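Note that the numbering used here has the sequence shown beginning at 8, numbered continuously upward.
Everything on this sheet refers to the single structure shown next.
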Amino acid sequence: KTIFRYIKNYPRLVAAYFTFNILSVIFSVVSLGLLAPFLMLIFKQGDVLKGVGNSKGFNPIDRFKEYVSAMIEEPGGAVKALIIICLIIFVAILFKNLFAYLSMYYLNPIRNRILNDMRTAMYRKILQLPIGYFSDQRKGDIMSRFANDLNDVEVSTISVLESLFREPITIIFYFTYLIILSPQLTLFLIIFLPIAGFVLGRVGRSLKKKNQKVLQQFSNMFSTIEETLGGIRVIKAFNAEKKVQGKFDQQTTNIFHLKNKANRRRDLASPLSETMGVTAVLCILFYGGRLILGNDSGLGLQASDFITYIAFFSQLIQPLKGLSTASFNIQKGAASIERIETLIQTPVTIRDLPNAKTLQSFEQAIELKNVSFSYEDVVVLKNIDLRIEKGKTIALVGSSGAGKSTLADLIPRFIEASEGEVLIDGVNIKNYSLHSIRSQMGIVTQEAILFND
8 KTIFRYIKNY PRLVAAYFTF NILSVIFSVV SLGLLAPFLM LIFKQGDVLK
58 GVGNSKGFNP IDRFKEYVSA MIEEPGGAVK ALIIICLIIF VAILFKNLFA
108 YLSMYYLNPI RNRILNDMRT AMYRKILQLP IGYFSDQRKG DIMSRFANDL
158 NDVEVSTISV LESLFREPIT IIFYFTYLII LSPQLTLFLI IFLPIAGFVL
208 GRVGRSLKKK NQKVLQQFSN MFSTIEETLG GIRVIKAFNA EKKVQGKFDQ
258 QTTNIFHLKN KANRRRDLAS PLSETMGVTA VLCILFYGGR LILGNDSGLG
308 LQASDFITYI AFFSQLIQPL KGLSTASFNI QKGAASIERI ETLIQTPVTI
358 RDLPNAKTLQ SFEQAIELKN VSFSYEDVVV LKNIDLRIEK GKTIALVGSS
408 GAGKSTLADL IPRFIEASEG EVLIDGVNIK NYSLHSIRSQ MGIVTQEAIL
458 FND
């Protein structure tokens, strides 16, 4: 659902991709569909189809076979028919691959733009969120969402968009052709495939749960790395290298075991779907053979049609297999998408009012009236009254954790007071835009930060 929300921003690219994909599948069906007339020509079955033209309805396959059958009966017609069939197959394969390339040409920008949009949305949200959010969330967890989760989405979800879009189209066209060839055999497939889908779906759901645990462990590891880099001086001063190394080793061991379990579930998709596909082929061989042997009943099957049916179904296994693998990968990437969406959908608690004014200048005083502030259930400031006149130099003195930085953060609206109000020249700062308030201030932080330019 999240991925499709981003995809709809590029309707022209999506339309071009689907158009070329459908054309590629159509020419693929044409190239394979000519197998039956080719076999009929080789095995000289022209006499079998003499009554096709009198059948009710319009079946393009029978019509073309009737045309080939009539051509075979002419002097030198067999060679002519062989040349025509080979030329049509060559042209069909040529156009199939041309349109397949064009579909991929338009899919690549879709995949890359989705990733760029998600990355930009995450970064934009980080800039919008209040400072209080970063006190509650570990920086390592946020970094993990940018690095590990986005990479997981690219590998597990975005990379399978081709299968997710192309394979259903291929399956629909191939199934349509199979129904035309033999409704009886295709009815068997329609009964068999939901059973296979149920089995694969059960495995896929368990994969999502395991991958959520893997991502959480990666977040813990990134947090440990971030803490180590920020506190390396303290670690060395207190000889804590062994302790933090043991913590890191435990986290990497947990990731190792969880990744093994998740990958084993994912790798189960391909052999499981292939086994079910082979089972279906064997059943089709048995049932189709009986239809050929029972040709006198009127419900039988031409040998050339049956071989064509097997060829089509063998080509259908790969799209079905690709779709099941794509489903597994999507389940794996779903956990990463959920973590990314949790960040993107985090509500911004400090924002401009719809009619916010611009603070043009500071003229009189900054005033705090009956201000209180709490971090969850911990009260940091309570009933603070303070007036700072313009031109005065004020120092906030107190023990560590007394709330000095918290009080200072209220003025540029890095945080919001739980109770009371902060005024500039007698006007509540909530009535001013954030940008105009901070434009009037100069802030010197306790730590020096150099930004890469």
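Beta carbons are placed, not taken as given, at the ideal position from N, Cα and C, and that holds for glycine.
Treat the numbers as computed from the prediction; the structure is a model and nothing was measured.
- Three or more Cβ pairs drawn from the segment 434-446 and the segment 354-366 lie within less than 8 Å of each other, which places the two stretches in contact.
- Burial state of valine 404 is exposed, judged by a 10 Å Cβ sphere holding fewer than 16 other Cβ atoms.
- When the alpha-carbon of serine 379 is set against those of Ile373, Val387 and Ala372, the nearest one is in Val387.
- Secondary structure within the segment 391-440: the beta strand (DSSP E) runs of 3 or more consecutive residues, fully enclosed, are 426-431 (chain order).
- Setting aside the 5 residues that flank it on each side, leucine 327 has no residue in the same chain whose C-beta is closer than 6 Å to its C-beta.
- With respect to tyrosine 316, phenylalanine 195 sits apart: the two C-beta atoms are not nearer than 8 Å.
- The straight-line gap separating the alpha-carbon atoms of isoleucine 197 and threonine 183 is approximately 12 Å.
- In this structure, the beta-carbon distance from alanine 99 to valine 37 falls below 8 Å.
- Contact annotation: serine 381 and serine 343 have beta-carbon atoms that are not nearer than 8 Å.
- Put simply, the backbone Cα of aspartate 143 is about 11 Å away from that of proline 137.
- Counting only the Cα atoms, isoleucine 92 lies some 10 Å from valine 86.
- Around the beta carbon of aspartate 148, 16 or more other beta carbons lie within 10 angstroms, which makes this residue buried.
- In this structure, the alpha-carbon of serine 151 lies about 27 Å from that of glutamate 169.
- For glutamate 374, there is no enclosing alpha helix (DSSP H); the enclosing beta strand (DSSP E) covers residues 372-382.
- Just so you know, the alpha carbons of leucine 39 and serine 321 end up roughly 11 Å apart.
- Shortest Cα-Cα distance from alanine 372 to any of Met228, Leu279 and Gln447 involves Gln447.
- Distance between leucine 292 and isoleucine 262, taken at the CA atoms: about 46 Å.
- The Cβ atoms of serine 230 and arginine 118 lie no closer than 8 Å to each other.
- With fewer than 16 neighbouring CB atoms inside 10 Å of its own CB, lysine 249 falls in the exposed class.
- Rounded to the nearest angstrom, the gap between the Cα atoms of lysine 376 and aspartate 384 is 21 Å.
- In this structure, leucine 30 and phenylalanine 106 form a Cβ contact; the two beta carbons are roughly 4 Å apart against a cut-off of 8 Å.
- Taking 8 Å as the upper bound for CB-CB distance, valine 160 and isoleucine 347 are in contact here, some 7 Å apart.
- If you ignore the 5 residues before and after arginine 420, its C-beta comes within less than 7 Å of the C-beta of Ile357, Ile436, Leu441 and Ile444, all in its own chain and listed in chain order.
- For leucine 94 and leucine 42, the gap between their C-alpha atoms comes out near 13 Å.
- For arginine 272, the uninterrupted alpha helix (DSSP H) segment begins and ends at 248-274.
- When C-alpha distances from isoleucine 450 are compared across Pro354, Phe245 and Ser412, the shortest belongs to Ser412.
- In the DSSP assignment, isoleucine 10 falls within the alpha helix (DSSP H) that extends over 9-14.
- Excluding five sequence positions before and after arginine 173, the CB atoms of its chain that fall closer than 6 Å to its own CB belong to Asn28, given in chain order.
- For alanine 363, no alpha helix (DSSP H) encloses it, and the DSSP letter there is neither H nor E.
- Rounded to whole angstroms, arginine 394 and serine 407 show a C-alpha spacing of 23 Å.
- Leucine 388 has Phe380 as its beta-bridge partners, per DSSP.
- Annotation for glutamate 454: no alpha helix (DSSP H) segment contains it, and DSSP assigns it neither H nor E.
- Looking at the backbone, the Cα of proline 18 and that of threonine 282 are separated by about 38 Å.
- For tyrosine 130 and glutamate 233, the gap between their C-alpha atoms comes out near 18 Å.
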